[in-house]
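K.L.:
Have a look at this one before I ask anything.
Residue numbers (this note's numbering), protein chains in the order written: chain A, 1 to 311; chain B, 312 to 520.
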């Protein structure tokens, strides 16, 4: 532990420069605080609510309510195009909503035509789809189908408006799509009731452009938190009918369909982590302004600390 | 605690990556290199299967007469690899030219409609579509925000007087946008940590249900 208190400069990622003749007292401690203490605090903030769960109230937002309405408006036998547009790096954010949506679709008797626009999404899509189908006793080929990955997402999105079978001559397992019963009467956007894009990137926006604007395909999306802010303009302009943003969106949807799972369970950790970040931002700013007022971070001294940090 | 070897491998690799937070070390570097190597292998196989086997080999082997045109796509794909040769690198320009031209052709109209025309329509009609006084206020704030942000980025007029005021209001809206973006980013990053901890505590150690 003594090493954590006094790290050798530059020995750890982001360790503070630690000026030897810097400010003293509590301000000095704050200025020279090793970032590893912050990592430890964050780990505790996330782990403790997980080990000792706290059930926090979950307020449903308008966009999640709209998403829910779109799914509930589907009738048994309707066909949904479900695109797993994410890779393992954002599984933690998007898997909870994916599982909740697939459960709801299968429970309602909706037929799912699944695909992915990412090579890394194949394993995720196949595993999530098969697990949900097993839970609901669904049969491959009649209740759901997995088309797999098709190179060039923009061309894929556009060509699906002409023919699913021409875009995907075979499914993920090499079976000709022309022989799959589910696709016998469904071959383009005009046959698809709703498009669901679960995306860890901008792909939901491109679905809105290529499938929505071009072919009038109705769509909803699930997005990572970082991406969610870019979806609001598409939601506001009615191009995306509803969306789930990050783990909070998943928690809200789980609450709406009365299926609390990973999203709801993660909200305690999420809130604790956020509170810690807010506290650190406030402490950092207060410390900075106090040091500036006391003349501890001015002119040559500031530049010297910055130079030392860079070297 | 899990008895599945794959869960143990995943858990130990997770801890190896976390060890970087303490300091750079060989275990972290091993895990990092392993990730790069496995990812490269996975993607090569996946791209080859999805792009060559599924899109060309299987359809052509089933019905060559109807699918012979796919050979041209395959040839264009092969030409891309000529970039690796100094002598024949020029041949790669043809598939690139085709790809850029086709891409621009179907990209521009769709993106213009979705990202510009429909957004303008959505913004301008928001006040008319408001169903309550609160929604009306929100819609006017939206319109004011869009116009003031556009003025901030309009550099053909000096930002003073009414234009300067509108520009400063635009900065406020931009700051609010950046703040919301930062909040969402924090949420995303914390979720990734939650995901790993859930895996360690639930799948590996079995501490939580």
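Every residue gets a Cβ at the ideal spot worked out from N, C-alpha and C, and that includes glycine.
These numbers were taken from a predicted model, which means no experiment stands behind them.
Taking the straight line between their C-alpha atoms, what separation do you get for residue 262 of chain A and residue 95 of chain A?
P.N.:
The residue you call residue 262 of chain A lines up with position 262 of the first chain. The residue you call residue 95 of chain A lines up with position 95 of the first chain. If I take the Cα positions, the gap works out to 9 angstroms.
K.L.:
Out of A/60, A/240, A/108 and A/65, which has the shortest C-alpha to C-alpha gap to residue 76 of chain A?
P.N.:
Here residue 76 of chain A is taken as the residue at index 76 of the first chain, counted from 1. Of A/60, A/240, A/108 and A/65, the residue nearest in Cα terms is A/108.
K.L.:
Using a Cβ-Cβ cut-off of 8 angstroms (strictly less than) and excluding sequence neighbours within five positions of residue 339 of chain B, which residues of its own chain qualify?
P.N.:
Taking the first residue of the second chain as 1, we reach residue 339 of chain B at position 28. Hits under 8 angstroms: 327, 328, 330 and 331.
K.L.:
Measure the CB-CB distance between residue 54 of chain A and residue 268 of chain A and report whether it falls below 7 angstroms.
P.N.:
If you number the first chain from 1, residue 54 of chain A lands on position 54. If you number the first chain from 1, residue 268 of chain A lands on position 268. Against a cut-off of 7 angstroms, the Cβ pair of residue 268 of chain A and residue 54 of chain A comes out as a contact.
K.L.:
Any C-beta of chain A within less than 7 angstroms: which residues of the segment 452 to 480 of chain B qualify?
P.N.:
none
K.L.:
Residue 224 of chain A versus chain B: which residues are under 7 angstroms apart at the beta carbon?
P.N.:
As a position in the first chain, residue 224 of chain A is number 224, starting the count at 1. Near residue 224 of chain A (Cβ distances below 7 angstroms), the residues of chain B are 499.
K.L.:
With burial defined as no fewer than 16 other Cβ atoms inside 10 Å of the residue's Cβ, what is the status of residue 162 of chain A: buried or exposed?
P.N.:
On the first chain, position 162 is the one that residue 162 of chain A refers to. Note on residue 162 of chain A: under 16 other CB atoms within 10 angstroms of its CB, so exposed under the neighbour-count rule.
K.L.:
Would residue 264 of chain A count as contacting chain B if we go by Cβ distances under 7 angstroms?
P.N.:
Taking the first chain and counting its residues from 1, the one referred to as residue 264 of chain A is at position 264. Not one chain B Cβ lies under 7 angstroms of residue 264 of chain A.
K.L.:
For the beta strand (DSSP E) containing residue 116 of chain A, list its first residue and its last residue.
P.N.:
Position 116 of the first chain holds residue 116 of chain A. Looking at the DSSP string, the run of the beta strand (DSSP E) that includes residue 116 of chain A is 111 to 116.
K.L.:
In whole angstroms, what is the alpha-carbon distance linking residue 459 of chain B and residue 479 of chain B?
P.N.:
The count along the second chain starts at 1 and reaches residue 459 of chain B at position 148. The count along the second chain starts at 1 and reaches residue 479 of chain B at position 168. Distance between the alpha carbons of residue 459 of chain B and residue 479 of chain B is about 8 angstroms.
K.L.:
Strictly under 7 angstroms for the Cβ-Cβ distance: is residue 202 of chain A near chain B by that measure?
P.N.:
Reading the first chain from its first residue, position 202 is the one you call residue 202 of chain A. With 7 angstroms as the cut-off, residue 202 of chain A does not count as an interface residue toward chain B.
K.L.:
Tell me the DSSP secondary structure of residue 83 of chain A in three-state form.
P.N.:
Counted from its first residue, the first chain places residue 83 of chain A at position 83. Strand at residue 83 of chain A.
K.L.:
Closer than 7 angstroms, CB to CB, is residue 508 of chain B near chain A or not?
P.N.:
On the second chain, position 197 is the one that residue 508 of chain B refers to. For residue 508 of chain B, the answer is yes, since a Cβ of chain A falls inside 7 angstroms of its Cβ.
K.L.:
Rounded to whole angstroms, what is the Cα-Cα separation between residue 410 of chain B and residue 145 of chain A?
P.N.:
To locate residue 410 of chain B, count along the second chain from 1; it is residue 99. To locate residue 145 of chain A, count along the first chain from 1; it is residue 145. Each residue's Cα considered, the two are about 30 angstroms apart.
K.L.:
According to DSSP, what are the bridge partners of residue 243 of chain A?
P.N.:
The sequence position of residue 243 of chain A within the first chain is 243, counting from 1. A/221, per the DSSP bridge assignment.
K.L.:
Residue 144 of chain A versus chain B: which residues are under 7 angstroms apart at the beta carbon?
P.N.:
Translated into the one-based positions of the first chain, residue 144 of chain A becomes position 144. Simply none; closest approach about 19 angstroms.
K.L.:
Look at the alpha carbon of residue 117 of chain A and the alpha carbon of residue 418 of chain B, and state the distance between them as a whole number of angstroms.
P.N.:
For this step, residue 117 of chain A is matched to residue 117 along the first chain. For this step, residue 418 of chain B is matched to residue 107 along the second chain. Between residue 117 of chain A and residue 418 of chain B, the C-alpha separation is close to 17 angstroms.
K.L.:
State yes or no: is the beta carbon of residue 412 of chain B nearer than 7 angstroms to at least one beta carbon in chain A?
P.N.:
Taking the first residue of the second chain as 1, we reach residue 412 of chain B at position 101. Chain A contact via Cβ: absent.
K.L.:
For residue 237 of chain A and chain B, any beta-carbon pair shorter than 7 angstroms?
P.N.:
Residue numbering aside, residue 237 of chain A sits at position 237 when the first chain is read from its first letter. Closer than 7 angstroms: yes.
K.L.:
Hey, does residue 174 of chain A have any beta-carbon neighbour from chain B nearer than 7 angstroms?
P.N.:
Taking the first residue of the first chain as 1, we reach residue 174 of chain A at position 174. Under the 7 angstroms criterion on CB atoms, residue 174 of chain A is classed as interfacial with respect to chain B.
K.L.:
Locate the beta strand (DSSP E) running through residue 146 of chain A, then write down its first and last residues.
P.N.:
Indexing the first chain from 1 puts residue 146 of chain A at position 146. Segment 144 to 149, the beta strand (DSSP E) holding residue 146 of chain A.
K.L.:
Quick one: which chain B residues come within Cβ less than 7 angstroms of residue 150 of chain A?
P.N.:
Within the first chain, numbered from 1, the residue matching residue 150 of chain A stands at position 150. Here the neighbours are 361.
K.L.:
Would the beta-carbon of residue 517 of chain B fall within 7 angstroms of that of residue 367 of chain B?
P.N.:
Locating residue 517 of chain B in the second chain gives position 206, counting from the first residue. Locating residue 367 of chain B in the second chain gives position 56, counting from the first residue. Their beta carbons are not under 7 angstroms apart, which means residue 517 of chain B does not touch residue 367 of chain B by this criterion.
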